[in-house]
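Here the structure is laid out as structure tokens; the discussion comes afterwards.
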Amino acid sequence: MKLHLPPATVRRARELAARVGQPVVDLARAHTTVAVERATLRLAGVPGADAEGTPWVNRLVDVLGEDLGEEALAHGVVVPVWDALLRGEADDLPSLAQKAAAGSVRFRLPTGADARAARAAADGPVAAGLARVDARRAERDRLLREVGDAPRTPWIYLIVATGDIHEDVPQAQAAARAGADVIAVIRSTGQSLLDFVPEGATREGFAGTYATQENFRLMRAALDETSRELGRYVRLTNYASGLCMPEIAVLAGLERLDMMLNDSMYGILFRDINPVRTFVDQRFSRQVHARAGIVINTGEDNYLTTADAVEAAHTVTTSQLLNEFFAREAGLETWQLGLGHAFEIDPAVPDSFRLELAHALLARELFPDAPLKWMPPTRHMTGDVFRGYLLDGFFNLAGALTGQGILLVGMMTEAVVTPWLSDRDLALQNVRYVLDAAGRLHEDFHPAPDGVIVQRAHQVLAESVDLLERILTHERGLLDVIADGTFGLMRRPPDGGRGLDGVRVKADDYHNPATDLLEAT
365 MKLHLPPATV RRARELAARV GQPVVDLARA HTTVAVERAT LRLAGVPGAD
415 AEGTPWVNRL VDVLGEDLGE EALAHGVVVP VWDALLRGEA DDLPSLAQKA
465 AAGSVRFRLP TGADARAARA AADGPVAAGL ARVDARRAER DRLLREVGDA
515 PRTPWIYLIV ATGDIHEDVP QAQAAARAGA DVIAVIRSTG QSLLDFVPEG
565 ATREGFAGTY ATQENFRLMR AALDETSREL GRYVRLTNYA SGLCMPEIAV
615 LAGLERLDMM LNDSMYGILF RDINPVRTFV DQRFSRQVHA RAGIVINTGE
665 DNYLTTADAV EAAHTVTTSQ LLNEFFAREA GLETWQLGLG HAFEIDPAVP
715 DSFRLELAHA LLARELFPDA PLKWMPPTRH MTGDVFRGYL LDGFFNLAGA
765 LTGQGILLVG MMTEAVVTPW LSDRDLALQN VRYVLDAAGR LHEDFHPAPD
815 GVIVQRAHQV LAESVDLLER ILTHERGLLD VIADGTFGLM RRPPDGGRGL
865 DGVRVKADDY HNPATDLLEA T
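Under my numbering, the sequence shown is numbered contiguously, ending at residue 885.
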């Protein structure tokens, strides 16, 4: 430990984060959402979409809402769905969804023995879905033993997303051959605002490729082939965020993705999704990730694209502490906590590199066993590719000096064009050079105890503690400070934003086998 952080202050920070976070967990436990209920039906076996591309799970939940009103979500959709199956309305779930969409099924909310029978009938199919997730996790473990893991850390993380999954596949394979350990398929712009998951392989997307189950399957199969070719397992990343966060988490578990972008506040701040909807969906999705053995990546780096990276550094640390609490409460283990931060200080600021080292080393020492995700400069990339290449080199060196776990590859063409394969090759050469030349330099790097780096780290930690204490003085705690623009300068009130109409308080007899099983994991 090189920063000599006061142990009492570190303990205080975690205690405060737990006190701030617990009311949010209680809120999430007390509510359900349309996305949680749809995710449960996907686990139970409702795949596919109609001719217009609307998923059958959406059709089924929509019809339930038309027949039962708010009661459908409040009591959990599985009881009326399996009650309909037991009454002979359809032979199986896919048929029931199709008949419901055609208007030939009427649902009821059963009581007494009928309700108990429906609950019992639903438990098995949902458990079978989670068993499929378990099997995919075991499959990953076998592949890691058979082909081997990445040869070193930090894992080199590269984004590939053209909009066309069939073009993404060869580009991802080429990136893996050039040294990438993790391939991230960034989502098409705006997908997080869709309240449904697109179906099938997609060939159009803006600044990204749609996250669909079939796209997950195609990319995972291709990277498995490349993993065997290279003799090292290549990980696959996508995004479990937005209005369909729980569903995408389930699909990721079923198709053996290895990492998912999953942050407690990103959707609230940067996509204006209702805070309550986000916190409910986030907790369920993280429980699925825990079960699937998926590493989450949190989004604190985004705060520094809208707020000043020096003035707002403590908000990143505060969010990391909250993300850690929420993640551990949902069942994630330390090795699954890819807590995010970024190299986003204006290069014109005096001692900017020393300040970046202070922030990166603070994150490393606060979370010594977590695979931190370190993000490259984006906000201050100007289009000068030579300056950008140098900044990325400094970023890579900071990652080596502070022992980061996941190093996202910076692009010299950031803010200019979508990267070409040649851009990625040059960027990977930059990373490989720095890691080969200085990959173990963190063993020799010991900042002066009274120097800028150590003192700055202590200052940021103290400011984080102060912020957590201030959050506790608010009536609604974290919800109030999100509303007042504390994080990322974005003001998001708890009764605003997209998706609030899809949130319900759970009834006393609410039943969801997925949440029961995930809580028991």
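Cβ atoms here follow ideal geometry from the backbone N, Cα and C, with glycine treated the same way. Here the structure is a predicted model, which means the values were calculated and not measured.
Given residue i, which residues of its chain have a CB within under 8 angstroms of its CB, disregarding the five upstream and five downstream residues?
i	result
L881	V490, A491 and L494
V749	M776, T777 and V780
A381	T682, L685, L686, E688, F689 and L832
V614	A403, R406, L407, G493, V497 and V652
L792	I520, L522, A539, A542, G543, A544 and V773
G412	P419, W420, P458 and E563
L836	L380, R383 and V384
A565	I529, H530, T576, E578, N579 and L582
Where does residue i sit, in a helix, a strand or coil, going by DSSP?
i	result
P877	helix
N760	helix
R862	strand
L701	strand
G734	The amino acid occupying residue 734 in the given sequence is Ala; Gly does not appear at that position. Coil.
P515	coil
A575	coil
I529	helix
V829	helix
V425	helix
L772	strand
R856	coil
R378	helix
S459	helix
V824	helix
V441	coil
R470	coil
E807	helix
T404	helix
E778	coil
G569	coil
E720	helix
E510	helix
W784	coil
T886	As shown, the chain starts at 365 and ends at 885. That puts residue 886 outside it, with no answer to give.
L385	It is Gly, not Leu, that sits at residue 385 in the sequence shown. In this structure, G385 counts as helix in the three-state DSSP scheme.
P489	helix
Does residue i pass the burial test, meaning 16 or more other C-beta atoms within 10 Å, or should it be called exposed?
i	result
S552	buried
Y667	buried
S649	buried
P370	exposed
P813	exposed
H723	buried
D665	buried
A706	buried
T698	exposed
Y797	exposed
G769	buried
P732	exposed
F634	buried
R624	Note on identity: in this sequence residue 624 is Met, with Arg being the wrong assignment. With 16 or more other Cβ atoms within 10 Å, it is buried.
A616	buried
P518	buried
Tell me residue i's beta-bridge partners as DSSP assigns them.
i	result
I523	A548
M739	A706
A413	P419
N666	According to DSSP, which records beta bridges pairwise, N666 is partnered with nothing at all.
H395	V869
V659	M623
If you drop the 5 nearest sequence neighbours on each side, which residues of the same chain put their C-beta closer than 7 angstroms to that of residue i?
i	result
R483	V443 and H875
L696	R650, H653, A654 and I660
E827	H678
R472	P444 and D447
F758	F717
L843	P639 and P858
K870	A394, H395, T396 and A438
A802	L761 and A764
A676	Y667 and L668
R855	A847, D848 and G849
L391	V640 and F643
Residues in its own chain within less than 6 angstroms of residue i by CB, not counting five upstream and five downstream?
i	result
A514	D545 and R596
E720	F707, I709 and A762
E693	V389
T669	R743
S556	S605, G606 and R635
Does the ligand ADP have even one heavy atom less than 7 angstroms from the beta-carbon of residue i?
i	result
M365	For the ligand ADP, the structure offers nothing, since it holds no ligand at all.
- [ ] Go through the segment 580-639 residue by residue and report every complete run of the beta strand (DSSP E) that reaches 3 residues or more, in order.
- [x] 599-603 and 623-625
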